[in-house]
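Following this line, the structure appears as structure tokens:
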């Protein structure tokens, strides 16, 4: 008979689930097939494949998903710029990315979200999500935030609206864990007729976990100048999996901000040490936006120490975590250096999003990482621009806004195994698995030389009724021919409206100025339509875009 071997601190199954009842089920199976010894041979050869439960963990910074009540800390999410229609667009776009990231018909089982708004008008009791879904089962999120919008719907937190958007797409069975409502729900936090509260002094966003796996325990830990650390322990077929959802202090290149991230990392490290002292082979996944690059200590050598590398201990030798001193492996190292990137800033790829795992996810019991399954959820034409595969950021322009997030999500696959051998590790397939890898010290530049110019919209060929500022065209890639309006500024007139022409680097702007001089004021270029601080512009990202 093949059964999981119990080990203190690892398994969380009850006797009812995996004790006497499980034993009798296997006994009945064995009696029925006692005369067929080949069955027992198959069981002995492949116990993991018989009982393995595959599942996906996803980490996704959704770039400020807010609810629809009009009460917000950030200026960009006040009612004049963020309406129920905007909330609907964000919700449906997030759901579309999550659906695409999972296997066919099976979205990720565990999702670690960052930048979901803390509800500043909370109810007297925590949301009852099953009751909410039942109440709105006869309608859709589109109608709820459209013709059927009511004060009751306005009062729902962002994660409740997102859960409903998931259900509308057939993504069901999720429980919701919030890591930050306590900050807003404290006495006096919500505005009322008798007091005036400065919301700008309050935390704005939080971490949230959606899980289709049963929840065992939940803990939150306060972070210095950052979002609460959220710890959720899950039951995976009777085995314990601990996930940590993080969002550390921003400013990856700022030495002063790194001092705060040292404190953020220390909070997580202390808790990890507690868990790993109790069980050195504990199954733990760390995810979130650490606002640090995987190679932070090499990229910013001026920093005396970094939170992610020196304090937390993230590193790139996949075999090293089998020892006793280097217990975390960063899954960014599963990819070639040229493929490492989840976000873009100032023309450089960053890796602010992370998934890290402990040694227990490589052994032959409990939950195991599926080797080389780590991936960046970047989908051309969806959350990635079709022209250059950069993140399609959220924009509030137009009646309902457009876009997704300034971060690509990350995913990794896991499964349960039943060999019951915590001291035996999974064979690795990658030749470089045992090599030291700290990553290149130089930031990887965005390569726009591979831009698909055939994907550009010919501005001159648009129908006369097309309105470039209605939100439909924001973020689109255009080929533009126009006369500069003056000799000083890079500014053009298109369909009776004024647009700036901007290159983020000096050499791009110099080429545009030279073109204007050499072509009697004419400009011919490829540009991405958008806005900057309320001003409409065509963004020219490369000198190759000046044609």
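Numbering (our numbering), first residue to last: 714 to 1260. Note that the Cβ used here is the ideal one computed from N, Cα and C, for glycine as well.
Between residue 1044 and residue 1087, the beta carbon gap of about 4 Å places them in contact (Cβ cut-off 8 Å).
When the beta-carbon positions are compared, residue 1207 and residue 1172 come within less than 9 Å of each other. Three or more beta-carbon pairs separated by less than 8 Å link the stretch 1056-1073 to the stretch 1018-1034, which places the two stretches in contact. Judged by DSSP in its simplified three-state form, residue 799 adopts helix. Excluding the 5 residues flanking it on each side, residue 980 has same chain C-beta neighbours closer than 7 Å at 934, 936, 942, in chain order. Comparing C-alpha distances from residue 1033 to each of 1150, 822, 1180 shows the shortest one belongs to 1150.
One Cα belongs to residue 1180, the other to residue 1110, and the distance between them is close to 12 Å. For residue 1135, the enclosing beta strand (DSSP E) starts and ends at 1123-1138. Restricting attention to beta strand (DSSP E) runs no shorter than 3 residues, the stretch 1129-1215 encloses them at 1190-1196, 1204-1207, 1210-1215, ordered along the chain. Straight-line measurement puts the Cα of residue 1115 at about 21 Å from the Cα of residue 1176. In this structure the stretch 823-832 does not touch the stretch 1131-1148; the number of beta carbon pairs closer than 8 Å is below three. For residue 1088, the three-state secondary structure derived from DSSP is strand.
Under a 10 Å Cβ-count criterion, residue 885 is classified as exposed, with fewer than 16 other Cβ atoms of the shown protein chains found around its own Cβ. In the DSSP annotation of this structure, the continuous segment of the alpha helix (DSSP H) that includes residue 880 starts and ends at 871-881.
The beta carbon of residue 1248 is closer than 8 Å to those of 1213 in its chain, skipping five residues each way along the sequence. Annotation: the continuous beta strand (DSSP E) that includes residue 996 extends over 996-1002. Residue 876 sits close to residue 845, with the two beta carbons spaced by under 9 Å. For the set 827, 1156, 857, 774, the Cα lying nearest the Cα of residue 781 is the one of 857.
Per DSSP, the unbroken alpha helix (DSSP H) holding residue 847 starts and ends at 842-848.
Shown here, residue 1243 sits in a strand according to DSSP, grouped into three states. Contact fails between the stretch 836-855 and the stretch 1136-1146, because fewer than three Cβ pairs, one in each stretch, are under 8 Å apart.
In the DSSP assignment, residue 918 falls within the beta strand (DSSP E) that extends over 918-924. DSSP places residue 1022 in no alpha helix (DSSP H); its state is neither H nor E.
For residue 929, the enclosing beta strand (DSSP E) starts and ends at 928-934. DSSP links residue 1030 through a beta bridge to no other residue. For the options 796, 822, 1137, 1029, the alpha carbon positioned closest to that of residue 1126 is the one of 822. As the crow flies, the alpha-carbon of residue 768 is around 26 Å from that of residue 1025. For the pair residue 778 and residue 867, the CB atoms are not nearer than the 9 Å cut-off. With a beta-carbon spacing of about 5 Å, residue 1191 and residue 1170 fall inside the 8 Å limit used to define contacts.
Contact between the stretch 1054-1066 and the stretch 996-1008 is present, with at least three C-beta pairs closer than 8 Å. Residue 997 and residue 947 have their alpha carbons spaced roughly 10 Å apart. Around residue 1156, the same chain offers 1061 as residues with beta carbons nearer than 6 Å, after the five sequence neighbours per side are excluded. For the pair residue 807 and residue 837, the Cα-to-Cα distance works out to about 28 Å. Of the candidates 968, 1048, 944, 1001, 944 places its Cα closest to the Cα of residue 988.
Between residue 1108 and residue 1243, the gap from beta carbon to beta carbon is short of 9 Å.
Pairing residue 926 with residue 813, the inter-Cα distance amounts to about 20 Å.
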